[in-house]
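2 protein chains.
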Amino acid sequence: MSVLTSQDNVLRQRLEADLVEVRRVFAGELQSDLDCVNDLAGHAQRYHGKMLRPMLVLATAMAVEPTCETIEQKYLVAAAVVEMVHLATLVHDDVLDDAQMRRRGATINHLRGNEAAVMLGDYLISHAYHLCSSLGSPEISRMIAHATNTVCEGELLQLANRHRLDLDEPTYFKIITRKTASLCGACCGVTAELSGCGQKVAEALYGYGETLGIAFQIIDDVLDLTGDQDTVGKTLGQDLVKGKLTLPLIHALGACDEACREELIGLLRSEGGEGLSEERAGEVAVRVREVLLEWESLDYAREKAVSLVERAKLGLMENLEDTPARSYLLGLADSVVTRRL
Amino acid sequence: MSVLTSQDNVLRQRLEADLVEVRRVFAGELQSDLDCVNDLAGHAQRYHGKMLRPMLVLATAMAVEPTCETIEQKYLVAAAVVEMVHLATLVHDDVLDDAQMRRRGATINHLRGNEAAVMLGDYLISHAYHLCSSLGSPEISRMIAHATNTVCEGELLQLANRHRLDLDEPTYFKIITRKTASLCGACCGVTAELSGCGQKVAEALYGYGETLGIAFQIIDDVLDLTGDQDTVGKTLGQDLVKGKLTLPLIHALGACDEACREELIGLLRSEGGEGLSEERAGEVAVRVREVLLEWESLDYAREKAVSLVERAKLGLMENLEDTPARSYLLGLADSVVTRRL
Chain H
661 MSVLTSQDNV LRQRLEADLV EVRRVFAGEL QSDLDCVNDL AGHAQRYHGK
711 MLRPMLVLAT AMAVEPTCET IEQKYLVAAA VVEMVHLATL VHDDVLDDAQ
761 MRRRGATINH LRGNEAAVML GDYLISHAYH LCSSLGSPEI SRMIAHATNT
811 VCEGELLQLA NRHRLDLDEP TYFKIITRKT ASLCGACCGV TAELSGCGQK
861 VAEALYGYGE TLGIAFQIID DVLDLTGDQD TVGKTLGQDL VKGKLTLPLI
911 HALGACDEAC REELIGLLRS EGGEGLSEER AGEVAVRVRE VLLEWESLDY
961 AREKAVSLVE RAKLGLMENL EDTPARSYLL GLADSVVTRR L
Chain F
661 MSVLTSQDNV LRQRLEADLV EVRRVFAGEL QSDLDCVNDL AGHAQRYHGK
711 MLRPMLVLAT AMAVEPTCET IEQKYLVAAA VVEMVHLATL VHDDVLDDAQ
761 MRRRGATINH LRGNEAAVML GDYLISHAYH LCSSLGSPEI SRMIAHATNT
811 VCEGELLQLA NRHRLDLDEP TYFKIITRKT ASLCGACCGV TAELSGCGQK
861 VAEALYGYGE TLGIAFQIID DVLDLTGDQD TVGKTLGQDL VKGKLTLPLI
911 HALGACDEAC REELIGLLRS EGGEGLSEER AGEVAVRVRE VLLEWESLDY
961 AREKAVSLVE RAKLGLMENL EDTPARSYLL GLADSVVTRR L
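If you read the protein sequences in the order shown, they are chains H and F. The letter at position 322 of the first sequence is residue 982 when you use my numbering, and the numbering goes up by one with no holes. The letter at position 236 of the second sequence is residue 896 when you use my numbering, and the numbering goes up by one with no holes.
Shown next, in the form of structure tokens:
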């Protein structure tokens, strides 16, 4: 075993142990004296998935403080804050999408109704800010709130463009940069701010997180069209049903011939002209995949994601010391495009 | 005109002018580079109503800083923050209640769909915290977030008790203290903290705001049962439809005879045993009012509100200097129980 591999293993073990602590901080913050609240908050904790955002915080903290052997509490708190913000957006997203399945289980809205899901999302976001204020830094509170402002803007822009088959690539990128990448950027930016590592490194880290976030969302959108539901663990084809045009479809509509374009538009519009019905989604998805393969639109989207990941990695390599944590962040960026769930 | 009346007029004019500034801070914070976001945020500003919560902040600021002739910016910001939190809860409440009408206009969910309403509420709450962080005080951020945690708990407790005809008075008070009174308490508490007026006065002010908030919600619940829709400006009888038992009904169910109790339970349950249908609400409301009058349950609720207002006023008189602002706060408490909308 090389020295590097051994160091990598130590780092991975530290990250695993730190994630356990993050979950503890997360669960502790949500404790209430009301059983009905604890019961519902317990459901939310089933939503923990890959924990990409806490991982970004923890690995960034290790990268900017390479000599610290144990992580400081403030980073564990920040990691729990970003995870809480993220879960709040998932819970409200599922209400917006009327989704039935998430992380291989039923969604809160499906189990307990939209009302409980709206309130649970509010409870999570409120506790995220509450926990954040315990860091004692108005600047960190501002950064987190700025990120959530931006996430909401992205969601609202997406909502305003639903069922628009003429959605263009710049608008698509504006949507996903705001709704997904801004929080990933904040994960690294907040950690940099907490460490006091200086503006240049902080900007590089924010850029890394944001760029990785854009790539992550592109792949998420590709998987919604091509993934295996059992592997991904959530209802697929929802973007078609909800009239959300994503990068592969935007590419296909621009690249294909007129006959194919007309066929695609016909497939994506329902009889009423509004959107695709849940019933037709299955057969439509099969044909859409064929078209996307024919016009190499899935490859186009994946290549965009790959080049974004390369850009994210370059920013890190140019601005951060070569440490096991930096290697881990580089690998994390790669995993965003190779993932199957 | 007595000296006191003249001072009162000066104070009212200052409050009016300050409220204009609060609206300006509010609108400025919500500005986005996206038209679709500004369009939706514009709707939210129609929701400004009596602006009780900003008024609590402004009048409290004047009461604790009686020698200041113009209000400091920090209080205007705090007033905009609490109004933003409040409007966020109204927007989500209307989703929860499926309400059609608010402030004499159509609700956001009715106009633009539940999805836009969920996201607009999130946008408002996110900006409330963002604006709050500009005050530069982690303690203020913590107090606001603690209040919103508590509001959510109140809403979740209410949700868990829907359609429960055995809801008792202590649980009712727990619900309304959390969902409504905690934010009113925070209006005064945050202002006290910003002024540095000292713990004893701060606690008295928090107690005043919280107690006034409980009374306010009792009267809100009475008006839902007895009010005139055109005067109140929102859909009435919604508590019956949504299976929310409020103080007059809790009293009547406990005070009336067995025959009446059975009749009430029959009226409030639908055929399926779940709750009252929208269609039956009108005729049921008429009969429920008769029963509430017969058993003096509306008077019971109003008297509770009056005694709470007296307690709120006493706390102020014992702990604050006699100033025009204190007189205004005493009058504000009285108006909570005499209001018709």
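Yeah, the Cβ is synthetic: ideal placement off N, Cα and C, and Gly gets one too.
Backbone secondary structure at residue i - three-state DSSP
i, result
"A759 of chain F", "coil"
"L887 of chain F", "Reading off the sequence, residue 887 of chain F comes out as Gly, not Leu. G887 of chain F falls in the coil class under three-state DSSP."
"G845 of chain F", "helix"
"G856 of chain H", "coil"
"G873 of chain H", "helix"
"G702 of chain F", "helix"
"G991 of chain F", "helix"
"G709 of chain F", "coil"
"G867 of chain F", "helix"
"G975 of chain F", "helix"
"G765 of chain H", "strand"
"L825 of chain F", "coil"
"C812 of chain F", "helix"
"R999 of chain H", "coil"
"K734 of chain H", "helix"
"C728 of chain H", "coil"
"A985 of chain F", "helix"
"M661 of chain H", "The predicted model places M661 of chain H with a pLDDT of 42, which falls under 50 and marks its position as unreliable; any figure quoted below should be read in that light. Looking at M661 of chain H - three-state DSSP - the assignment turns out to be coil, as it is neither helix nor strand."
"G688 of chain F", "helix"
"S801 of chain F", "helix"
"D625 of chain H", "For residue 625 of chain H there is no data in the structure shown, the boundaries of chain H being 661 and 1001."
"K904 of chain F", "coil"
"L750 of chain F", "helix"
"L679 of chain F", "helix"
First and last residue of the uninterrupted alpha helix (DSSP H) at residue i
i, result
"P830 of chain H", "E829 to I836"
"Y783 of chain H", "N774 to S793"
"N821 of chain H", "Counting along the chain, N821 of chain H falls outside any alpha helix (DSSP H), and DSSP gives it neither H nor E."
"L631 of chain F", "Because chain F here runs from 661 to 1001, residue 631 of chain F falls outside it and cannot be looked at."
"C920 of chain F", "E918 to L928"
"D899 of chain H", "Q898 to V901"
"G942 of chain F", "E938 to E954"
Buried/exposed call for residue i, threshold 16 Cβ in 10 Å
i, result
"V685 of chain H", "buried"
"K839 of chain F", "buried"
"G887 of chain H", "buried"
"A677 of chain F", "exposed"
"G991 of chain H", "exposed"
"R602 of chain F", "In this structure chain F extends from 661 to 1001, so residue 602 of chain F is not present and cannot be described."
"N809 of chain H", "buried"
"C728 of chain H", "exposed"
"R986 of chain F", "buried"
"A919 of chain H", "exposed"
"R672 of chain H", "exposed"
"T998 of chain F", "exposed"
"S662 of chain H", "Here the model assigns S662 of chain H a pLDDT of 48, short of 50, so the residue's position is not dependable, and the following value carries that caveat. The residue in question, S662 of chain H, is exposed, as its Cβ has fewer than 16 Cβ neighbours within 10 Å."
"D917 of chain F", "exposed"
"Q898 of chain H", "buried"
Quiz prompt | Residues, ordered as in the chain, of the segment 763-790 of chain H that lie near chain F by beta-carbon distance below 8 Å | solution = N774, E775, A776, V778, M779, L780, G781, D782, Y783, I785, S786, H787, Y789 and H790
Practice problem: Return the residues of the segment 809-826 of chain H that lie within a Cβ-Cβ distance of less than 7 Å from chain F, sorted by chain order. | Solution: N809, C812, E813, E815, L816, L817, L819 and A820
Quiz prompt | Under 9 Å (Cβ pairs) to chain H, residues found in the segment 937-965 of chain F | solution = none
Exercise. Pull out every residue of the segment 736-767 of chain F whose Cβ sits closer than 7 Å to any Cβ of chain H, in chain order.
Key: H752, V755 and L756
Quiz item: Is the segment 722-741 of chain H in contact with the segment 750-768 of chain H, if contact means three or more CB pairs nearer than 8 Å?
Solution: no
Quiz item: Relative to chain F, which residues along the segment 892-921 of chain H have a C-beta separation below 7 Å, given in chain order?
Solution: none
Quiz prompt | the segment 691-703 of chain F: positions lying closer than 8 Å to chain H by Cβ | solution = S692, L694, C696, V697 and L700
Quiz item: Counting pairs of Cβ atoms below 8 Å between the segment 783-796 of chain H and the segment 858-866 of chain H, do you hit three or more?
Solution: no
Quiz prompt | Validate contact between the segment 957-969 of chain F and the segment 840-847 of chain F using beta carbons, cut 8 Å, 3 pairs | solution = no
Self-check item: Cβ contact (3+ pairs, closer than 8 Å) linking the segment 974-992 of chain H and the segment 718-737 of chain H
Solution: yes
Quiz item: How about the segment 818-829 of chain F and the segment 897-915 of chain F: do they share at least three Cβ pairs that are nearer than 8 Å?
Solution: yes
Quiz prompt | At least 3 beta-carbon pairs within less than 8 Å: the segment 769-786 of chain H vs the segment 807-822 of chain F | solution = yes
Quiz item: Using 8 Å as the Cβ pair cut-off and three pairs as the minimum, do the segment 875-887 of chain F and the segment 917-931 of chain F touch?
Solution: no
Quiz item: Are the segment 688-698 of chain F and the segment 745-753 of chain H in contact at 8 Å, needing three or more beta carbon pairs?
Solution: no
Exercise. Could you please tell me which residues of the segment 836-848 of chain H, in chain order, have their CB closer than 8 Å to any CB of chain F?
Key: none
Practice problem: Examine the Cβ distances between the segment 707-716 of chain F and the segment 968-978 of chain F and report whether three or more of them are shorter than 8 Å. | Solution: no
Quiz item: Going along the segment 794-805 of chain H in order, which residues come within less than 9 Å of chain F, judged by CB to CB distance?
Solution: S794, L795, G796, S797, P798, E799, I800, S801, R802, M803, I804 and A805
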